[in-house]
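Below is one structure, written out as structure tokens, with a few remarks after it.
Residue numbers (my numbering), protein chains in the order written: chain C, 1 to 80; chain L, 81 to 560.
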């Protein structure tokens, strides 16, 4: 008679352990990392943030610079 | 809205991204610096570019000296974008060996709607001005300024969820997938550390000065729909066995009302409910590590009343108006923050002054004066000044009021020029105003006014406006 209760208690403890694992800092980091998509279309252009660096490269490579002027910080992956 | 629309409609097309990455040098610039350049060598390069801008935001091509070849605010259709890139290469071939200055082409939409060129700047003389190759030692880039030591650099990722709870696959639109970042200043971290110390092991309420930073960045959509109200902030923390702090709680944020358009016609509504969990590590007065996960529901709608009836036109034709969307459903966010690396941190002596509490009286007075000046400007002109003020809020919340005041001083100077001239004037440092430039600016404003009337279906009003301008000319011709 004790066996089903023991099994139930073990199952409950296992569930609680899994829940704790899911909420550990390591698990949270993994869940955050899983949200991020590396290959997004807009990351295919390597936008520079520094105007001087961009113009220097334009001079050294003989290419024109394309400037995307927009509101707020243009750090890569930043919201716009 | 321009930036989000440009990224989604222009800079995600495979043929465009491939060409921009290989045939050009792509640079993303803050509108605030182009519209209100600082007074340093890099600022003078910004001023040279900003001199010819047709709007506070846009797409520009320059040669390696920062001489603007062409600007555009949009395109007739998707097929026009590669043609624009071809045109840039032709202009570059024509001009890049020129010593003499040249006029800048400007387009509202390439290739159908051209704006008056900005004439060449005669003050540049016979040799192209050469911007510095790099920043002076110890001087931070204006585009990526250094932060005070101990600042947490936080990265946010947000995804809309399908009905089955899995993240949606589409990542092109910010209303479905968003990445963002923000700086969490030491002053806000100290508030959390202080509350934790006072709690002495008990559960405590997380100070709003700390939590608002991440709650306000957990939203889908572009910057324009950022929630302006935090309606509920029930976030608690408790010390765990390993000495870190577990974060839990619920938040609600909202913004817009979907009924009151802005001056530019934009209208939106936003509501977010999130349940949070996470961990924070504290060392002394600093938070050294932060990881957060939130899940909940979000409804965000964005549109522009001026674009009603234009749904048949391509998205690239209306970059300035943004793209309408209506996202409603489950959402999940992740935030990780780490202490700023050494190459992002201010050098000794470079640390900005931070002041606890509110802004000083001098700054309050200047903000009030600026508000008064801006209200007297036409909306399209006031946008130039507004663009200069972007990015100020994080500085103010970090107590960096001296830096805020420096930007406000530049905005006041610019607003004053615009108010006195009755219209746009050349950016500071761009050289003297000549008659042709004044003519070009007025033609541009007339063109803008007629275009807006036509977009709103007010053809008769557009004709009346042009008749008024032409009447003065025709009356003068008859008198002669």
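Backbone N, C-alpha and C define an ideal beta-carbon position, used for all residues, glycine too. Please read these numbers as outputs of a predicted model, since none were measured by experiment.
Beta carbon proximity, residue i to chain C, threshold 9 Å
i: residue 122 of chain L; result: yes
i: residue 113 of chain L; result: yes
i: residue 176 of chain L; result: yes
i: residue 104 of chain L; result: yes
i: residue 82 of chain L; result: yes
i: residue 91 of chain L; result: yes
i: residue 464 of chain L; result: no
i: residue 506 of chain L; result: Summary for residue 506 of chain L: the model assigns pLDDT 42, below 50, so the residue's position carries little reliability, and this model does not support an answer.
i: residue 415 of chain L; result: yes
i: residue 139 of chain L; result: yes
i: residue 470 of chain L; result: yes
i: residue 269 of chain L; result: no
i: residue 426 of chain L; result: no
i: residue 286 of chain L; result: no
i: residue 357 of chain L; result: yes
i: residue 513 of chain L; result: Confidence is the limiting factor: at residue 513 of chain L the pLDDT is only 45, short of 50, which leaves the residue's position unreliable, though a coordinate-based value still follows. No - not a single Cβ of chain C is within 9 Å of the one on residue 513 of chain L.
i: residue 335 of chain L; result: no
i: residue 86 of chain L; result: yes
i: residue 101 of chain L; result: yes
i: residue 331 of chain L; result: no
i: residue 534 of chain L; result: no
i: residue 258 of chain L; result: yes
i: residue 368 of chain L; result: no
Contact list for residue i against chain A, beta-carbon separation under 8 Å
i: residue 38 of chain C; result: Checking the listed chains, one finds no chain A in this structure; the protein chains it contains are C and L.
Contact set between residue i and chain C, taken where Cβ atoms lie within less than 8 Å
i: residue 237 of chain L; result: 32, 35 and 36
i: residue 212 of chain L; result: 52
i: residue 251 of chain L; result: 37, 40 and 41
i: residue 467 of chain L; result: 71
i: residue 352 of chain L; result: In chain order: nothing, as chain C lies at least about 15 Å away.
i: residue 292 of chain L; result: Chain C residues near residue 292 of chain L: none, gap ~17 Å exceeds 8 Å.
i: residue 419 of chain L; result: Simply none; closest approach about 16 Å.
C-beta atoms of residue i and residue j nearer than 9 Å
i: residue 135 of chain L; j: residue 470 of chain L; result: no
i: residue 281 of chain L; j: residue 412 of chain L; result: no
i: residue 101 of chain L; j: residue 46 of chain C; result: yes
i: residue 475 of chain L; j: residue 465 of chain L; result: no
i: residue 335 of chain L; j: residue 349 of chain L; result: yes
i: residue 243 of chain L; j: residue 263 of chain L; result: no
i: residue 352 of chain L; j: residue 380 of chain L; result: yes
i: residue 323 of chain L; j: residue 88 of chain L; result: no
i: residue 169 of chain L; j: residue 185 of chain L; result: no
i: residue 229 of chain L; j: residue 362 of chain L; result: no
i: residue 260 of chain L; j: residue 29 of chain C; result: no
i: residue 420 of chain L; j: residue 454 of chain L; result: no
Same chain, Cβ closer than 6 Å to residue i, neighbours up to 5 away in sequence not counted
i: residue 67 of chain C; result: none
i: residue 117 of chain L; result: 123, 126 and 127
i: residue 56 of chain C; result: none
i: residue 82 of chain L; result: 137, 399 and 400
i: residue 441 of chain L; result: none
i: residue 190 of chain L; result: 152, 155, 160 and 164
i: residue 408 of chain L; result: 379
i: residue 370 of chain L; result: 360 and 417
i: residue 188 of chain L; result: 153 and 195
Proximal residues to residue i (C-beta, below 7 Å), its chain only, five neighbours per side dropped
i: residue 295 of chain L; result: 310, 313, 331 and 333
i: residue 204 of chain L; result: 181
i: residue 76 of chain C; result: With a pLDDT of only 46 at residue 76 of chain C, under the threshold of 50, the placement of this residue in the model should not be trusted, and no figure is reported.
Interface partners of residue i on chain C, CB under 7 Å
i: residue 191 of chain L; result: None at all; the shortest Cβ gap to chain C is about 17 Å.
i: residue 215 of chain L; result: 52
i: residue 197 of chain L; result: Correct list: empty, because the minimum Cβ distance to chain C is about 18 Å.
i: residue 116 of chain L; result: Ordered by position in chain C, no residue passes the 7 Å Cβ test against residue 116 of chain L, which lies about 13 Å from the chain.
Neighbourhood of residue i by C-beta, 8 Å cutoff - its chain only, sequence neighbours within 5 removed
i: residue 175 of chain L; result: 143, 147, 149 and 182
i: residue 446 of chain L; result: 485, 488, 489 and 492
i: residue 157 of chain L; result: 394, 396 and 397
i: residue 278 of chain L; result: 284
i: residue 215 of chain L; result: 122 and 221
i: residue 162 of chain L; result: 95, 96 and 99
i: residue 544 of chain L; result: none
i: residue 307 of chain L; result: 296, 299, 333, 334, 335, 350 and 352
One or two residues paired with residue i in a DSSP bridge
i: residue 189 of chain L; result: L/193
i: residue 334 of chain L; result: L/309 and L/351
i: residue 239 of chain L; result: L/257 and L/412
i: residue 374 of chain L; result: L/356 and L/413
i: residue 407 of chain L; result: L/380
i: residue 247 of chain L; result: L/241
i: residue 152 of chain L; result: L/139 and L/187
Chain C residues whose Cβ lies nearer than 9 Å to that of residue i
i: residue 409 of chain L; result: Near residue 409 of chain L there are no residues of chain C at all, since even the closest Cβ is about 15 Å away, more than 9 Å.
i: residue 324 of chain L; result: 25
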